[in-house]
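Below is one structure, written out as structure tokens; comments come after it.
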Amino acid sequence: MAWAPLLLVVLAHGSGSLVQAALTQTPPMSVNPGETVQITCSGGSGSYGWFQQKTAGSAPVTVIYYKSVPIPCHLGRGCTALSNVPLSMATLPIPGVQAEAVAVYYCAGWDTSADQGHGDSQHWGSDTQTHCQPKVSPTIHLFPPSSKELSVQSKATLVCLQGDFYPDAMQVAWTADGGALTSGIETSQPQQQINNQYQASSYLTLSATDWKSHETYTCKVTHETGTIEKVLNRSEC
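So this is what it looks like as structure tokens:
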């Protein structure tokens, strides 16, 4: 992932074998405070993830996660479902840009399987609401580093995205050729989605030399429903 020192920088990031076609995203831009910006990302065919990196070298955080039916969201203003938005495009409107919105934004896209259902809300009395929701295993996507990041910055950032899981407690571990990795890892706190399930992301940052010294990288997610591993082979990237 390559970052540039602009007010708003937006990058597209493919998901390896999950999406064969390259994503197309709004090019880098500079805007004045108070202006409204709409970033678009197209080329996927199922789900999108929007990420925001506030400072160079810090781990990006998930801003928006689209599942099956795109739900355009305003940064900091929540989401509104629009059934007529094509699955091939996702949008991230940023109204009234202020200093806190200055960041690098990039999107990821991948194909999705069928949605998993969740329980309905039950109402008891006049002021108590309970949510009856079964445990759901996370869906894992492992993104390889970009070639530009490797060539320009001589580093490699792997992104492990966990989506659609319940409850929120989970742990992420990384290995390289079977050996545990303990440094260069940043994992976000789970964030609740509009379907009451959760999403999170974990980032492994390596030097280009370290990246090339191993062949197999694994993101291991431990959840109440079990342990799930996603493997990335460097030679296939």
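Residues -21 to -1, 1 to 216 (mature numbering (1 follows the signal peptide of the UniProt record, and there is no 0)) are what the sequence shown spells out, left to right.
Glycine residues also receive a C-beta, built at the ideal position from the N, C-alpha and C atoms.
A quick note: this is a predicted structure, and the numbers were derived from the prediction, not measured.
- Taking the Cβ atoms as the reference, V210 lies roughly 6 angstroms from T195, within the contact range of under 8 angstroms.
- Assignment of D143 by DSSP, reduced to helix, strand and coil, places it in the strand class.
- One Cα belongs to N175, the other to M149, and the distance between them is close to 16 angstroms.
- Given a length threshold of 4 residues, each whole run of the alpha helix (DSSP H) inside the stretch 138 to 195 is given here in chain order: 187 to 191.
- By alpha-carbon distance to P123, the top candidate from V131, L140, V115 and S116 is L140.
- In the three-state reduction of the DSSP assignment, K114 falls in the coil class.
- Inter-residue distance for Q17 and G158 is about 42 angstroms (C-alpha atoms, whole angstroms).
- Annotated as proximal: Q168 and A179, with beta-carbon spacing under 8 angstroms.
- Secondary structure of K33 (DSSP, three-state): coil.
- For the set A80, Q31, F30 and S21, the Cα lying nearest the Cα of T15 is the one of A80.
- In this structure, the beta-carbon distance from K134 to S186 falls below 8 angstroms.
- Rounded to the nearest angstrom, the Cβ distance from I164 to S181 is 7 angstroms, consistent with a contact under 8 angstroms.
- For S21, the enclosing beta strand (DSSP E) starts and ends at V16 to S21.
- In terms of CA proximity to T184, W153 leads the group W153, G205 and C86.
- Secondary structure at E203: coil, using DSSP grouped into helix, strand and coil.
- Selection S125, L137 and Q132 evaluated against I119 yields L137 as nearest (Cα-Cα).
- Across the set P117, S21 and G75, the C-alpha of P117 shows the shortest separation from the C-alpha of V151.
- Taking L121 as the centre and dropping the five residues before and after it, the same chain places the C-beta of C139, C198, K209 and L211 closer than 6 angstroms to its C-beta, in chain order.
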